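Let me begin by presenting the structure, written as C-alpha cells, before commenting on it.
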Amino acid sequence: MPKFKLNDQFLFGTATSSVQIEGGDKNNTWYKWCETGHITDSSSCMAACDHWNRVMEDTLILKNLNVQTHRISLEWSRIEPSPGQFSKESLQHYRNEIQLLLDNQIKPLVTLHHFSEPLWFQEKGGWLKSESVDYFIQYARYVVENLGDLVCEWVTFNEPNVYTWFGYVIGSFPPGIISIIDALQVTTEIIKTHAILYTMIHRIRKEKNFLGKTAVGSAVHIRVFDGLTFAGKKTAQAVDYCFHELFMEGITTGKIKFPLPKNRYPLKKGRYVDFVGINYYTRNIVEFALDPKNFFHKFIPDKDLNKSDLGWDIYPEGIYRICKKYYERYHLPIYITENGISDRYDNRRPDFIINHLSFISEAIENGIKVERYYHWSVMDNFEWLEGESAKFGLYECDFSTQKRTPRHSAQIYAEICKNKAYSTV
Ligand code: BGC
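Residue numbers (my numbering): 1 to 425.
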C-alpha cells in the first residue's frame, strides 16, 4: 500500500453540485429533462438528497470528514427564477450555507454554472443567442456582489467540455441539440463569458474591498487519451484536441483556436485563470474507427485495469500525467476540482483515493504545484443520466428515507484529511 504525506498548505475537500443534491426545484433544465424520460433509472433530480432542507446535517458530515475546503454550485434558476428577477430568499439560503461552512473553518469554492440552467434561459435560445451571455453575466454579477464578501474563490463553469459535448454534439444532456456548428458556437460563447467573468469577479471584489485573495478558474473534465497503434495515437491526439485543448486553451489564455468561430468581441490573449481546475476520473484507450457517427473513434476498455461500477477504467497514474502536462504548460497552481468513483459496495474506493493521492504526492515531490484535492462526492447523489443508480458517495444516501450512512472510505478519507497523510502503520 502506498504511503504519502502532503504539505500543510495542501487542502483536502469534497465537491457537490446544486441539482445533484438539493432537490425541490422545478425551474431548471434538468428537472424537465427528467420529466421527459431521459434518465436510465427513471429517477428525478426533484428528490436528490433533499440537501436544500438538510444543510445543517450535511455540514456536520463535512466537519466529520475533516475537510478544509468544500466545492458547491449555486442554482441559477433558484437565484434568478425569471429574467432580471432575483430571489432574496435563495440568495439568503446560500449565504447561510456558506456562512455555516466558514463557521466550521471550511473554505468554500463556489461554482456558478454546473450543467443546469433556468428553463427561461434555454427558452430564449441559451448560449446560441449571443445576447444570452449578458443574462449569465448579470446573474454572476448579482451573485458576486452579494456573496463575494464570504467567497473569495470561484469556478465559472464546471466541465464546459462535457456540457457542450453532451448538450450540443450528441444531444444526451439538455438542451439536446445535435449540431457541431452549434457546439462550436457555444464553445466560443462560453470561453468569452468565462474571460469576462474572470475580470469582473476580480474587479467587484477589489472595488468592494472584500477580504481574502480572489481566485477564479474553471473545472475542465480531463481524461488521458492514449493510443496503442499508430492510427490510435493520431486519433487520440485529435480527440484530445477537440475535447480538451479547445477549452483549456480558451479558458486559460483566451485563445479561440481552430475551428472555433471567432468572437464578435475579440478577446485579448492573456491569462484568465488563477488556478487550473481539473476534474479527473479515467483514461481511455482510443482507436480509429471508420464510423462518422462516432466521429471516427472508439474507446477500448483496458482489460488489465479494474473498473468502476460504470465501467470506467481505474487509472490513478493518469492524475500524475495530467498534472504534469498542464503544470509544465501553464505554470499555474493545479486544483483537482473533482476525482471519485461510482462504487456501490465501496470495495474499490479506498484504494482509488489512496492511489490517486499518492500520485499527487509524487507530483508535488517532483515540483508540480498541485494545491487542492476535492473528492467527488460527499454522498450518493443524482448522477445526471444515471440518476440515483450511480453511487459516488463517501456516504451512502438512501433516497427513500434520506438517511446518510458513512461508507468505510468516509472513515479513511476523514483520517487522510486530518493528517494530510496516509500510512498503513
Ligand atoms: C461532473 C459531476 C458528475 C461526476 C461523475 C463530473 O463529470 O462534474 O457532476 O457527477 O463527474 O460523473
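Here a beta-carbon is modelled for each residue, glycine too, at the ideal position from N, C-alpha and C. This structure is a prediction, so every number in the text was calculated from the model and none was measured.
Per the DSSP secondary-structure output, F275 pairs with nothing in a beta bridge. Here H113 is bridged, per DSSP, to F157. At a threshold of 7 Å, Y281 counts as near the ligand BGC, since its beta carbon sits closer than that to one of the ligand's heavy atoms.
Rounded to the nearest whole angstrom, the CA to CA distance from F299 to N161 is 18 Å.
Ranked by how close their Cα comes to the Cα of R95, the residues N294, D304, L147 and D343 have L147 in first place. Per the coordinates, the alpha-carbon of F359 lies some 22 Å from the alpha-carbon of D240.
Excluding five sequence positions before and after A414, the CB atoms of its chain that fall closer than 6 Å to its own CB belong to L65 and N66, given in chain order.
Contact annotation: the region 201-212 does not touch the region 169-188, with fewer than three C-beta pairs closer than 8 Å. Per the coordinates, the alpha-carbon of R349 lies some 40 Å from the alpha-carbon of K88. Judged by their CB atoms, V216 and V151 are not nearer to each other than the 8 Å cut-off. If you check the CB distance, L184 and L128 do not come in under 8 Å. Here DSSP, grouped into helix, strand and coil, assigns E75 to coil. Using a 10 angstroms sphere on the CB of F392, the tally of other CB atoms reaches 16 or more, which defines it as buried.
For C323, the enclosing alpha helix (DSSP H) begins and ends at E317 to Y330. Secondary structure of I364 (DSSP, three-state): helix. Look at S218 here: in three-state DSSP terms it is strand. Three or more Cβ pairs closer than 8 Å define a contact, and the region 46-60 meets that threshold against the region 378-386. Secondary structure of T36 (DSSP, three-state): coil. Taking E338 as the centre and dropping the five residues before and after it, the same chain places the C-beta of A15, A219, N279, Y374 and W376 closer than 7 Å to its C-beta, in chain order.
The region 102-122 and the region 71-85 touch, with no fewer than 3 CB-CB distances between them shorter than 8 Å. Taking the Cβ of F352 as the reference point, every heavy atom of the ligand BGC lies at 7 Å or farther away.
Counting the other CB atoms within 10 Å of its CB gives M248 a total of 16 or more, which places it among the buried residues.
In the same chain as Y163, and ignoring 5 residues on each side of it, the C-beta atoms closer than 6 Å to its own belong to F115, in chain order. Pairing Y315 with L305 gives a Cβ-Cβ distance under 8 Å.
When C-alpha distances from N158 are compared across G176, I190 and I180, the shortest belongs to I190. Under the three-state reduction of DSSP output, I137 falls in the helix class.
Separation of the CB atoms of T193 and V133 is rounded to 5 Å, and the pair is thereby assigned contact status at 8 Å. Linking S130 to E287 through their CA atoms gives a straight-line distance of about 36 Å.
Secondary-structure assignment with DSSP links L385 through no beta bridge to anything. In the structure shown, M46 adopts coil according to DSSP, grouped into three states. DSSP links H375 through a beta bridge to T14 and N339. With a threshold of 7 Å, the Cβ atom of N158 counts as near the ligand BGC, since some heavy atom of the ligand is closer than that. K403 has D398 as its beta-bridge partners, per DSSP.
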